[in-house]
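Novice:
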Amino acid sequence: MAIIHIATDNEGWENGMEFYGGAAKSRDATYTASEARVRLSSNVEGATPHFDLTETNTLWWHFRTHLPDDSSGGAADGALIDFTGPDGTVARIDVHNGNWRVATGTTNFGSSWSFDEETAYTIDIYLLCDGTNTTITLYVNGSEVSSATTTSTNEGIDQILFSNFDTLGVSASGDDYMYLSEILMDDADSTIGCRVQGMVLDGDGFHTEWTGTYTGLITKNDGNFIESDSAGERYSGTLEAYAGPNTGETIRGILAEIEIFPSTTGPGGVTQFLRIDGTDYYGTEQTFTDTRHQKAVDFFVTNPDTELAWTIADLNALEIGVRSET
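Rendered as structure tokens:
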């Protein structure tokens with residue numbers, strides 16, 4: 015498995031994808047407390063957020079979505095999402111008479127999918143662009159609804175772009191947003207059937223060398239924080255109980271994520287770690303060259319203590335932590 019991105023909200027998107035922590039739209043509140051949203055447009059170009067990828071010939075993209083009132087209006091006839099690479103646009107999610115359909119390039123269309131407005135759906139998109147063929151397939155709630163293939167010398171995908179032109183039938187009365195949550199991207203294996211479970215801290219753990227407590231970390235964008243003035247200081251916290259599926263599913267990995275606000279003095283980087291049965295297992299050190307708000311992320315595919323796949327018991331017993339670096 016080659017997971018290249020996991021998020022429950024707008025992490026990783028540039029230029030117009032918003033964080034949303036209000037009443038649940040696309041998200042399942044059992045799994046995550048936040049989601050992302052982008053405002054759709056009527057007859058004009060709307061917000062155009064994009065996600066930059068390390069170039070890949072194969073992409074699986076999974077997310078839950080909720081579409082607004084009037085997004086299925088018959089006057090909606092535009093481009094919603096473009097997949098681009100070194101050769102330009104290689105595939106698209108197109109809007110035609112208020113329905114979604116896929117396209118290779120911008121003109122070779124698959125079947126249309128008619129959706130219900132203000133309803134949550136699980137979306138999986140498969141894209142292949144290997145220099146011989148370009149294929150895009152759209153799955154909704156696990157079932158294929160649209161597919162297109164073209165013989166093409168185009169090779170590689172390096173960006174997902176909300177081209178977002180004429181994606182509403184008329185201007186909706188109030189909430190014009192498309193919501194996204196449980197976002198997962200993979201460059202090898204199918205994402206169909208996957209879920210993304212967000213787990214936040216519920217207490218301070220073994221290491222408490224940073225100034226502050228877990229309450230400074232549990233709510234995004236609230237102005238609270240913990241801080242470290244010296245390299246080598248560690249903080250760890252305990253996690254809330256796992257609330258995801260528990261019927262024998264495989265846990266594909268843990269993504270550890272923390273927001274960092276570097277200063278001009280003091281530590282210049284961090285290393286995230288997991289504390290398991292009294293031992294700290296460190297990820298990759300991440301350094302910062304300026305004082306912009308940044309993310310530190312690390313991915314643990316297996317339990318480093320057992321070198322086996324994660325179990326729910328593992329998740330409920332570990333602590334997650336961060337060490338400041340020189």
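Residue numbers (my numbering): 15 to 340.
Every residue, glycine too, gets a C-beta built ideally from N, C-alpha and C.
(1) Out of Ala-270, His-307, Thr-301, Thr-278, which one is the CA nearest neighbour of Arg-289?
(2) What residue range does the alpha helix (DSSP H) around Ala-16 cover?
(3) According to DSSP, is Gly-124 helix, strand or coil?
(4) Which residues does DSSP list as the beta-bridge partners of Asp-243?
(5) Are at least three pairs of beta-carbons, each pair with one atom in the region 62-75 and one in the region 127-141, less than 8 Å apart?
(6) Assign His-64 to buried or exposed, taking buried as 16 or more other Cβ atoms, counted over all protein chains shown, within 10 Å of its Cβ.
(7) With Asp-23 as the anchor, note down where its alpha helix (DSSP H) starts and where it stops.
(8) I need the straight-line Cα distance from Glu-254 to Leu-231, nearest angstrom please.
(9) Return the bridge partner residues of Trp-75 from the DSSP annotation.
(10) For Tyr-153, is the classification buried or exposed, using 16 other Cβ atoms within 10 angstroms of its Cβ as the cut-off for buried?
(11) Using only CA atoms, which one of Gly-170, Ala-117, Thr-303 lies nearest to Ile-150?
(12) Secondary structure at Gly-230, three-state DSSP: helix, strand or coil?
(13) Tell me whether Thr-46 is buried or exposed, calling it buried when 16 or more other Cβ atoms sit within 10 Å of its Cβ.
(14) In whole angstroms, what is the alpha-carbon distance linking Arg-209 and Ala-93?
(15) In the DSSP assignment, find the unbroken alpha helix (DSSP H) run with Ile-334 in it and report its ends.
(16) Taking DSSP's pairing of strands, which residues face Trp-324 in a bridge?
(17) Within 8 Å, do at least three Cβ pairs link the region 97-109 to the region 213-221?
(18) Between the C-alpha atoms of Asp-200 and Thr-229, what's the straight-line distance to the nearest angstrom?
(19) Return the Cβ separation of Gly-99 and Gly-170 in integer angstroms, given the expectation that the two are a contact with Cβ distance under 8 Å.
(20) Could you name the residues of the same chain whose beta carbon sits closer than 8 Å to that of Glu-158, not counting the 5 residues immediately before and after it, in chain order?
(21) Which partner residues does Gln-286 have in the DSSP bridge list?
(22) Taking the alpha-carbon positions, what's the Phe-313 to Tyr-256 distance?
(23) Excluding five sequence neighbours on each side, which residues of the same chain lie with their C-beta closer than 6 Å to the C-beta of Arg-115?
(24) Using the rule of at least 16 other Cβ atoms within 10 Å of the residue's Cβ for burial, across every protein chain shown, is Asp-66 buried or exposed?
(25) When you compare the CB positions of Thr-301 and Gly-282, do they come within less than 8 Å of one another, or not?
(26) Quick check on the burial criterion: 16 or more other C-beta atoms within 10 angstroms. Buried or exposed for Thr-22?
(27) Taking the beta carbon of Thr-148 as the centre, do at least 16 other beta carbons fall within 10 Å, making it buried, or is it exposed?
(28) Check each candidate in Lys-39, Ile-18, Gly-35, Thr-163 and name the one with the smallest Cα separation from Tyr-193.
(29) Assign Phe-239 to one of two classes, buried (16 or more other C-beta atoms within 10 Å of its C-beta) or exposed (fewer than that).
Specialist: On the basis of the supplied data:
(1) Taking each of Ala-270, His-307, Thr-301, Thr-278 in turn and checking the Cα distance to Arg-289, the smallest one comes out for Ala-270.
(2) Unbroken run through Ala-16: none, as it is neither H nor E.
(3) DSSP places Gly-124 in the strand class (E or B) of the three-state scheme.
(4) Looking at the DSSP output, Asp-243 shares a beta bridge with no other residue.
(5) Here the region 62-75 lies against the region 127-141, with 3 or more beta-carbon pairs under 8 Å apart.
(6) His-64 comes out buried.
(7) Per DSSP, Asp-23 is not a residue of any alpha helix (DSSP H), being assigned neither H nor E.
(8) Rounded to the nearest angstrom, the two C-alpha atoms are 13 Å apart.
(9) According to the DSSP secondary-structure assignment, Trp-75 is paired through a beta bridge with Ile-139, Met-199.
(10) Tyr-153 comes out buried.
(11) Among Gly-170, Ala-117, Thr-303, the Cα nearest to that of Ile-150 is on Ala-117.
(12) For Gly-230, the three-state secondary structure derived from DSSP is helix.
(13) With a 10 Å radius around the Cβ and a threshold of 16 neighbouring Cβ atoms, Thr-46 comes out buried.
(14) Rounded to whole angstroms, Arg-209 to Ala-93 spans 27 Å at the Cα level.
(15) First-last for Ile-334: 333-339, but that is the beta strand (DSSP E), not the alpha helix (DSSP H).
(16) Bridge partners of Trp-324: Ile-265.
(17) No, because fewer than three Cβ pairs between the region 213-221 and the region 97-109 fall closer than 8 Å, the two stretches do not touch.
(18) Their Cα atoms are separated by approximately 33 Å.
(19) Distance from Gly-99 to Gly-170 at the Cβ level is roughly 4 Å; contact confirmed, criterion being Cβ atoms closer than 8 Å.
(20) Once the five neighbours on either side are set aside, the close Cβ partners of Glu-158 are Thr-151, Leu-152.
(21) Val-336.
(22) Rounded to whole angstroms, Phe-313 to Tyr-256 spans 18 Å at the Cα level.
(23) Within the same chain, and ignoring the five residues on either side of Arg-115 in sequence, the residues whose Cβ sits closer than 6 Å to its Cβ are Asp-108, Phe-123, Gly-124, Ser-126, Ser-160.
(24) Its Cβ having fewer than 16 others within 10 Å, Asp-66 is exposed.
(25) Their beta carbons are under 8 Å apart, which means Thr-301 touches Gly-282 by this criterion.
(26) Around the beta carbon of Thr-22, 16 or more other beta carbons sit within 10 angstroms, so the residue counts as buried.
(27) Buried: at least 16 other Cβ atoms inside 10 Å.
(28) Residue nearest to Tyr-193 within the set Lys-39, Ile-18, Gly-35, Thr-163 is Lys-39 (criterion: CA-CA distance).
(29) The C-beta of Phe-239 has fewer than 16 other C-beta atoms within 10 Å across all chains shown, which makes the residue exposed.
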